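Undergrad: In terms of the working numbering, the sequence shown opens at residue 2 and continues consecutively.
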Amino acid sequence: MALEKHKKYWRENLKYLAILLSIWFLVSYVFGILLVTELNTIRLGGFKLGFWFAQQGSIFVFVILIFVYVRLMNKLDKKYGYDT
């Protein structure tokens, strides 16, 4: 029983990691590198959007994703009884 609970816990944890890392990859690599020329046609605060994603957007998103991960893991720990 405990081993099955542990496996479910890690399965959900890995699902969260895959989703959050995919979001980070999308913002930092796809928006910041691959789509930079298309995004540079849009301005944000006087700067080209592609430049903003490459320089600051990916860092902001990474920090936000850290807080999201902490919140998700706290909920997951409570769900499976690992919050003691």
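We put the CB at the ideal spot given by N, CA and C, even for glycine.
Just so you know, these numbers come straight off a predicted model, no measurement behind them.
Is it the case that the region 4-15 contacts the region 70-78, given that we only count it when at least three CB pairs across the two stretches are under 8 Å?
TA: yes
Undergrad: Taking only three categories from DSSP, how would you classify Leu-36?
TA: The answer is coil: DSSP assigns Leu-36 none of H, G, I, E or B.
Undergrad: At what residues does the alpha helix (DSSP H) containing Gly-51 begin and finish?
TA: 50-53
Undergrad: Excluding five sequence neighbours on each side, which residues of the same chain lie with their C-beta closer than 6 Å to the C-beta of Asn-41?
TA: Lys-49 and Gly-51
Undergrad: Apart from the five residues on each side of it in sequence, which residues of its chain come closer than 6 Å, Cβ to Cβ, to Gly-33?
TA: Phe-54, Ala-55 and Ser-59
Undergrad: Would you report the Cα separation of Glu-5 and Gly-47, rounded to the nearest angstrom?
TA: 53 Å
Undergrad: Hey, would you say Leu-77 sits closer than 8 Å to Ile-24, going by beta carbons?
TA: no
Undergrad: According to the neighbour-count rule (16 or more other Cβ atoms, all chains shown, within 10 Å of its Cβ), is Val-62 buried or exposed?
TA: Buried, since its Cβ has 16 or more Cβ neighbours within 10 Å.
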